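A quick write-up on the structure given underneath.
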């Protein structure tokens, strides 16, 4: 099972601040880093998550995730072109995959993912998206399609929208800027943990 509160941050420093606030599922989405600095960031994030009993998901860098001994990686559609799925499975890495439309969902399901992410649910300021907002109805449709595979809603999700996302069919609601751009990120993270806890049906993945 996935924890219903899925935090996405771009550094281990953010994890050090926010993991004590009730975060049990976190993605490290590092950009513009490679080699030893990248591996060091992943190892630092892994150690922090282990200390706080949280699940770490490494975005994109599946080879580094294997090298660091991590157990979860998230791949976007473009990353699927270059991923070695045999190596990923041999290493025991669990896999999350981003989707935005029907064709991408079909492609994602071919990888036998451990979860599927659908987005953007709402307009997002994080990055320019070529896809229109999916909305809550699409979440429900996606969940019916994928059945037991956990579904993550992502994109423009605020604390005020999180419970609606989970009630619509998502197993987990992903959040970035609603916490990291908040004047008090720690309090906002605690509020997220409290608001989503009622949707927990098991331990974090």
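In the working numbering, the protein residues as written are 1021 to 1225. We treat Cβ as the ideally placed atom computed from N, Cα and C, and that holds for glycine. On a predicted model such as this, the values are computed, not experimentally measured, just so you know.
Continuous beta strand (DSSP E) assignments of at least 3 residues falling wholly in the region 1092-1154:
1092-1095, 1114-1119, 1135-1138
From residue 1193 to residue 1185, what distance separates their C-alpha atoms?
7 Å
Quick one: using the 10 Å Cβ neighbour count with 16 as the cut-off for buried, is residue 1207 buried or exposed?
exposed
Rounded C-alpha distance that separates residue 1223 from residue 1052:
Because residue 1223 carries a pLDDT of 38, less than 50, the predicted location of this residue cannot be relied on, and the following value inherits that uncertainty. Approximately 33 Å between the Cα atoms of the pair.
Find the nearest neighbour of residue 1039 within the set 1056, 1057, 1067, judged by alpha-carbon distance.
1067
Can you have a look at residue 1132 and say buried or exposed, based on whether 16 or more other CB atoms are within 10 angstroms of its CB?
exposed
So, are the CB atoms of residue 1211 and residue 1159 less than 9 Å apart?
no
Quick one: any contact between the region 1130-1144 and the region 1154-1174, if contact means 3 or more CB pairs under 8 Å?
yes
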